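Trainee: Counting from 12, one number per residue, gives the positions in the sequence shown under my numbering. Below you'll find the structure I mean.
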Amino acid sequence: MYSSPKVGVVVPTRNRLPRTKRFIREFGRQTYPNFVLYVVDSNSTDGTSDWLSSIQTDIVRSLSGTDEDYWTGATNIGVRQALSDGCEYVLTINDDSVPDIYLLEKLVESSITRDIKIITSRINFLDRPNIVWSVGSYNKWGGRYIFQLLDNEKEEDEVFEKYEGVRHLDIDSNCGNGVLVHKSVFEDIGLYNEEKCPHYHADSEFIMRARKKGYQVVVDLEAYLFNDTSNYRPDKSILASPKVQWPLERVFGIGALIKRVRGVYSLYFLKRSERNLKAVIYLINQYCPAEKRFLTFLNYLTHSVFRFVIPSVGFRALAAFKRLSLLNSKGGISPRVLLLFIFLRARYFVIRRVSSFKRKRVF
């Protein structure tokens, strides 16, 4: 029988008080006896911080981050505190998940009995508990996606039949929801990469970095949690409410187009975007085989443009350009043409910057 080493459970949160309350309530039912919850609040405005402060105990710790501490920064705050407090393991998990009561017990057991330093969980849908969200992910370099979920949207019985007699499955990468990491891994390869992957992909990058250093990473099919995907539409959210503000939005009847263009810009350059180009290029440059880098980036970007950019901007652009008159009533250059010229020059500048970065850092 193994001992019960101390586990620091790191939970980043921001403005999701109902889900945070549900998570803490559900996680408190764990059968594993020795853990501390480190809930890292990134400057919430919905009362999360005050509520967390009011419920602090020996096993629930409230930590504070800033507006700029997205998933990666907030998670690192929790990991540092857990390691400082003497935790032998760290479990990263999302505040919108609902864990099985045996989750920690099974993960720690797997790590100790098999001497594996990184163990991940099977994830099912919360609203469809018998349907698997993933059992990890794999890298299909050269395709249109960087990460492909394993057994996504499959019946649980079908997955168990596929892996009959197998409890631990080797994987290429995984999200950070329900991942148990031994402290020695952090001491060896460092924390999550805040600079290159401030929000999305830092969890997968950490696992790929560990695998590159020779660590085995497996998913424990018997350790599972439920994933609440009811509000998970990151690309649509970014396009619908971009944070980057450009001037002249309502000038000359092309306000709707400018809004869409701002959304597309945010999709590729906003730190919290799943398609942040800085993170994507870094991942391809670091982990994709050299002979497949160009093809991977080309297919990824092409698919992204056709899926998001053209539907969002294309038809608006046609309508806006149709309304633009090239000359004013006196035969001179229309101010609208000057505005269009400024817009195209700005677009050209952005494309040049991206191309230059791509040549220097990837290709």
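Heads up, the beta-carbon is just placed ideally off N, CA and C, and yes, glycines get one too. All figures in this text were calculated on a predicted structure; none of them were measured in a lab.
1) Sorted by chain position, which residues of the same chain lie with C-beta nearer than 8 Å to residue 69's C-beta, five sequence neighbours on each side aside?
2) For residue 314, report the span of its alpha helix (DSSP H) as first-last.
3) Might you give, ordered along the chain, the residues of its own chain that have their beta carbon closer than 6 Å to the beta carbon of residue 17, omitting 5 neighbours on each side?
4) Check the C-beta distance from residue 146 over to residue 133 and give it rounded, since I have them as a contact under 8 Å.
5) Closer than 8 Å is the cut-off here; do at least three beta carbon pairs connect the segment 226 to 235 with the segment 111 to 129?
6) Three-state secondary structure (DSSP) at residue 29?
7) Can you tell which of 78, 72, 79 and 107 has the C-alpha that lies nearest to the C-alpha of residue 90?
8) Cβ atoms of residue 183 and residue 204: under 7 Å apart, would you say?
9) Look up residue 182 in the DSSP assignment and say whether it is helix, strand or coil.
10) Here's the rule I'm using: 16 or more other beta-carbon atoms within 10 Å means buried, otherwise exposed. How should residue 13 be labelled?
11) Kindly indicate which three-state DSSP category residue 218 falls into: helix, strand or coil?
12) Can you check which of these residues, 55, 111 and 157, is closest to residue 39 by C-alpha distance?
13) So is residue 207 buried or exposed if we call it buried at 16+ other beta carbons inside 10 Å?
14) Just tell me which of 180, 192 and 88 has its CA closest to the CA of residue 22.
15) Between the segment 213 to 222 and the segment 172 to 189, can you find at least three pairs of beta-carbon atoms closer than 8 Å?
16) Kindly indicate the opening and closing residues of the alpha helix (DSSP H) around residue 94.
17) Pull the bridge partners of residue 159 from the DSSP assignment, please.
18) So residue 65 and residue 26 are in contact, right, with Cβ under 8 Å, and what is the actual spacing, rounded?
19) So which of 31, 283, 297 and 279 has the shortest CA-CA distance to residue 79?
20) Cβ atoms of residue 221 and residue 123: under 7 Å apart, would you say?
21) Please return the same chain residues whose Cβ sits closer than 7 Å to the Cβ of residue 166, not counting the five positions on each side in sequence.
22) Which residues share a DSSP beta bridge with residue 231?
23) Considering just the uninterrupted stretch of the alpha helix (DSSP H) at residue 118, what are its terminal residues?
24) Under the three-state reduction of DSSP, which class applies to residue 36: helix, strand or coil?
25) Taking residue 298 as part of the alpha helix (DSSP H), name the residues at either end of that continuous run.
26) For residue 262, collect the residues of the same chain with a Cβ closer than 6 Å to its Cβ; drop the 5 residues on either side in sequence, then sort them by chain order.
27) How would you write the range of the alpha helix (DSSP H) that residue 111 sits in, first residue to last?
28) Could you check what DSSP says for residue 279 in three-state terms: helix, strand or coil?
29) Here's the rule: buried if 16 or more other CB atoms are within 10 angstroms of the residue's CB, otherwise exposed. What is residue 301?
30) Report the rounded CA-to-CA distance for residue 304 versus residue 201, giving the unit in angstroms.
31) Cβ of residue 155 within 7 Å of Cβ of residue 296?
32) Going by DSSP, what residue range makes up the beta strand (DSSP E) through residue 75?
33) Would you mind sorting residue 224 into buried or exposed? The rule is 16 or more other CB atoms within 10 Å of its CB.
34) For residue 77, which residues in the same chain have their Cβ closer than 7 Å to its Cβ, ignoring the five residues on either side in sequence?
Mentor: For this structure:
1) Within the sequence shown, residue 69 is the residue found at index 58, counting from 1. Same-chain partners within the cutoff: 47.
2) Position 303 of the sequence shown, counting from 1, holds the residue named residue 314. 304 to 315 is the extent of the alpha helix (DSSP H) around residue 314.
3) Here residue 17 is taken as the residue at index 6 of the sequence shown, counted from 1. Around residue 17: 45, 98 and 99.
4) Position 135 of the sequence shown, counted from the first residue, corresponds to residue 146. Position 122 of the sequence shown, counted from the first residue, corresponds to residue 133. About 5 Å; that satisfies the 8 Å criterion.
5) yes
6) As a working mapping, residue 29 is identified with position 18 in the sequence shown. Here residue 29 sits in helix by DSSP.
7) Within the sequence shown, the letter at position 79 stands for residue 90. When each option's Cα is compared against that of residue 90, the closest is 72.
8) The residue you call residue 204 lines up with position 193 of the sequence shown. The residue you call residue 183 lines up with position 172 of the sequence shown. No, they are not a contact pair.
9) Here residue 182 refers to the residue found at position 171 of the sequence shown. If DSSP states are grouped into helix, strand and coil, residue 182 belongs with coil.
10) On the sequence shown, position 2 is the one that residue 13 refers to. Exposed, because fewer than 16 other Cβ atoms sit within 10 Å of the Cβ of residue 13.
11) Within the sequence shown, the letter at position 207 stands for residue 218. If DSSP states are grouped into helix, strand and coil, residue 218 belongs with the helices.
12) As a first step, residue 39 must be located in the sequence shown, where it is residue number 28. Of the candidates 55, 111 and 157, the one whose C-alpha sits nearest the C-alpha of residue 39 is 111.
13) Position 196 of the sequence shown, counted from the first residue, corresponds to residue 207. By the neighbour-count rule (16 or more Cβ atoms within 10 Å), residue 207 is buried.
14) The residue labelled residue 22 in the question sits at position 11 within the sequence shown. Closest option to residue 22, Cα to Cα, is 88.
15) yes
16) The residue you call residue 94 lines up with position 83 of the sequence shown. Its alpha helix (DSSP H) spans residues 82 to 95.
17) Within the sequence shown, numbered from 1, the residue matching residue 159 stands at position 148. DSSP lists 149 as partners of residue 159.
18) Within the sequence shown, the letter at position 54 stands for residue 65. Within the sequence shown, the letter at position 15 stands for residue 26. The Cβ separation is near 17 Å, so there is no contact.
19) Locating residue 79 in the sequence shown gives position 68, counting from the first residue. If we check each option's Cα against that of residue 79, 283 comes out closest.
20) As a working mapping, residue 123 is identified with position 112 in the sequence shown. As a working mapping, residue 221 is identified with position 210 in the sequence shown. For residue 123 and residue 221, no; Cβs fall outside 7 Å.
21) The residue given as residue 166 occupies position 155 in the sequence shown. The residues are 141 and 142.
22) By one-based count along the sequence shown, residue 231 stands at place 220. Note: residue 231 sits in a beta bridge opposite 132 and 179.
23) As a first step, residue 118 must be located in the sequence shown, where it is residue number 107. Taken as a continuous stretch (DSSP letters only), the alpha helix (DSSP H) holding residue 118 covers 114 to 125.
24) Translated into positions along the sequence shown, residue 36 becomes position 25. DSSP places residue 36 in helix when its eight states are reduced to three.
25) Against the sequence shown, residue 298 aligns to sequence position 287. Here the alpha helix (DSSP H) through residue 298 covers 288 to 298.
26) Indexing the sequence shown from 1 puts residue 262 at position 251. Bear in mind that a pLDDT of 46 at residue 262, under 50, signals an unreliable position, so the model cannot answer this.
27) Locating residue 111 in the sequence shown gives position 100, counting from the first residue. Looking at the DSSP string, residue 111 is not in any alpha helix (DSSP H), and its letter there is neither H nor E.
28) Locating residue 279 in the sequence shown gives position 268, where the first residue counts as 1. Looking at residue 279 - three-state DSSP - the assignment turns out to be helix.
29) To locate residue 301, count along the sequence shown from 1; it is residue 290. Result: exposed.
30) The residue labelled residue 304 in the question sits at position 293 within the sequence shown. The residue labelled residue 201 in the question sits at position 190 within the sequence shown. C-alpha separation (whole angstroms): 25 Å.
31) By one-based count along the sequence shown, residue 155 stands at place 144. By one-based count along the sequence shown, residue 296 stands at place 285. Going by C-beta atoms, residue 155 is not nearer than 7 Å to residue 296.
32) Locating residue 75 in the sequence shown gives position 64, counting from the first residue. That run of the beta strand (DSSP E) goes 71 to 75.
33) Here residue 224 refers to the residue found at position 213 when the sequence shown is read from its first residue. Its Cβ having fewer than 16 others within 10 Å, residue 224 is exposed.
34) As a first step, residue 77 must be located in the sequence shown, where it is residue number 66. 53 and 54.
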